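Read in order, the letters of the sequence shown are residues 8 to 276 in the numbering used here. Quick reminder that beta carbons are idealized off the backbone N, C-alpha and C, glycines included. Keep in mind that this is a model prediction, so the values were computed, not measured. First comes the structure, then the notes that go with it.
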Amino acid sequence: MGGQHKRAAVAMARSQEYIKKRKGTLGLCLTLFVDAGLERAQQRFANLNRFAVRPNNSLGLLYDHRDELANLTRAVVRDVVLFHKLADGEKTSVAGGSNKLFALASIHAATKTLLAGFSGSFETARPIAVEFWTEVTRVMPLWNEGGLGKVRAAELREKYVHGHAVALEALGRAGNALLRERREDWKSVLAGLGTLDWSRMSPRWEGRAVVNGRIAKNAASVILAANLIKVHLGLELSIEDRRHESVLVSEDAQVDEDNMQGDRAAAAA
Numbered sequence: 008m009g010g011q012h013k014r015a016a017v018a019m020a021r022s023q024e025y026i027k028k029r030k031g032t033l034g035l036c037l038t039l040f041v042d043a044g045l046e047r048a049q050q051r052f053a054n055l056n057r058f059a060v061r062p063n064n065s066l067g068l069l070y071d072h073r074d075e076l077a078n079l080t081r082a083v084v085r086d087v088v089l090f091h092k093l094a095d096g097e098k099t100s101v102a103g104g105s106n107k108l109f110a111l112a113s114i115h116a117a118t119k120t121l122l123a124g125f126s127g128s129f130e131t132a133r134p135i136a137v138e139f140w141t142e143v144t145r146v147m148p149l150w151n152e153g154g155l156g157k158v159r160a161a162e163l164r165e166k167y168v169h170g171h172a173v174a175l176e177a178l179g180r181a182g183n184a185l186l187r188e189r190r191e192d193w194k195s196v197l198a199g200l201g202t203l204d205w206s207r208m209s210p211r212w213e214g215r216a217v218v219n220g221r222i223a224k225n226a227a228s229v230i231l232a233a234n235l236i237k238v239h240l241g242l243e244l245s246i247e248d249r250r251h252e253s254v255l256v257s258e259d260a261q262v263d264e265d266n267m268q269g270d271r272a273a274a275a276a
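The following block contains the structure:
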């Protein structure tokens with residue numbers, strides 16, 4: 008319940024008419040805080056709600072000033088111009104008709120994946136993350152058109168894989184490998200994102216980020232989508248990556264076998 012709603016409830020409870028209807032007296036327990044500024048108020052909000060009825064992930068990240076990764080995520084959204092325009096800071100996921108493209112929680116997860124295994128302070132990680140995501144937004148022309156209002160964010164989500172959180176986190180995973188393997192020329196390699204077919208209708212995404220025409224978002228889909236991006240950019244797949252690929256291939260083979268059996272049964276009938 009928001010602060011203004013609590014205040015309205017207290018005002019109602021104090022009214023004589025309300026107490027009379029309740030046929031008795033009403034005791035109220037209040038906790039009051041001295042106003043110590045916006046940042047302290049936001050931190051108190053994050054502390055209280057994380058241990059009570061938790062706010063959604065994006066809102067918690069927006070107000071949490073103690074968590075280093077939350078601070079980093081806010082810095083990324085603030086410093087990467089396109090994210091600043093297209094990020095929703097209050098929702099866990101972006102609604103279908105929203106003019107925003109990504110939720111703050113999605114950018115947080117993608118940045119966490121990007122920096123997995125990296126050591127260093129907030130000040131060390133910040134320029135790495137900001138530079139990487141700035142470069143990604145530069146080579147994704149449809150994102151830029153969305154930022155300029157030339158194409159609706161809802162249309163990007165409807166037609167393209169890159170309009171969804173699974174692709175953003177997959178980009179973070181592929182970026183982690185890219186920064187490790189091609190530290191000197193990673194920007195030129197990343198430019199290959201502009202030639203990748205991101206259409207949801209492309210069969211390359213089926214079983215990875217798309218399952219039966221619907222966007223899939225889980226740990227396996229992130230890895231499989233990242234594998235496609237890595238291969239397109241000429242990066243090596245890790246042992247874990249190849250294990251997921253083998254599972255996907257075996258599942259595809261089983262589907263083909265089931266389809267063939269169905270065809271044979273239909274022909275026999």
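Discussion item. My assumption, with CB atoms under 8 Å, is that Thr120 sits in contact with Glu176. Please give the rounded CB distance.
Written reply: 5 Å
Worksheet entry | Residue range of the alpha helix (DSSP H) that includes Ser195 | 193 to 197
Discussion item. Quick check: Tyr167 and Arg207, are their CB atoms within less than 8 Å of each other?
Written reply: yes
Discussion item. The alpha helix (DSSP H) that contains Ala116, what's its start and end?
Written reply: 111 to 121
Worksheet item: In whole angstroms, what is the alpha-carbon distance linking Arg250 and Leu244?
Response: 10 Å
Item to complete: Give me whichever residues DSSP pairs with Glu213 in a beta bridge.
Response: Val217
Worksheet item: Rounded to a whole number of angstroms, what is the C-alpha to C-alpha distance between Ile135 and Asn78?
Response: 14 Å
Item to complete: Use the C-beta contact count for Arg215: other C-beta atoms within 10 angstroms, 16 or more gives buried, fewer gives exposed.
Response: buried
Worksheet item: Near Ala184, which residues of its chain fall below 7 Å by C-beta distance, leaving aside the five closest residues on each side in sequence?
Response: Lys237, Leu242
Fill in: Phe129 classed as buried or exposed, judged by whether at least 16 other C-beta atoms fall within 10 angstroms
exposed
Item to complete: Pull up the distance between the alpha-carbon of Ser257 and that of Ile222, whole angstroms please.
Response: 21 Å
Item to complete: Can you grab the Cα-Cα spacing for the pair Leu170 / Asp248, in whole Å?
Response: Correcting the residue type first, residue 170 is Gly in the shown sequence and not Leu. Near 23 Å, if we compare the C-alpha coordinates of Asp248 and Gly170.
Worksheet item: Which residues in the same chain as Gly104 place their Cβ atom closer than 7 Å to its Cβ, once the five residues preceding and following it in sequence are excluded?
Response: Ala161
Worksheet item: When we look at the beta-carbon of Ala233 and count the other beta-carbons within 10 Å, is it buried (16 or more) or exposed?
Response: buried
Discussion item. Is it buried or exposed, Ala227, if we count other Cβ atoms within 10 angstroms and call 16 or more buried?
Written reply: exposed
Worksheet item: What is the residue span of the alpha helix (DSSP H) that Ala223 lies within?
Response: No alpha helix (DSSP H) holds Ala223; DSSP gives it neither H nor E.
Practice prompt. Determine the direct distance from the alpha carbon of Leu163 to that of Thr202, and round the result to whole angstroms.
Written response: 17 Å
Fill in: Inter-residue spacing [alpha-carbon to alpha-carbon] between Gly269 and Pro210
Annotation note: pLDDT 41 at Gly269 (below 50); position unreliable, coordinate value reported separately. Using only the alpha carbons, I get a separation of about 22 Å.
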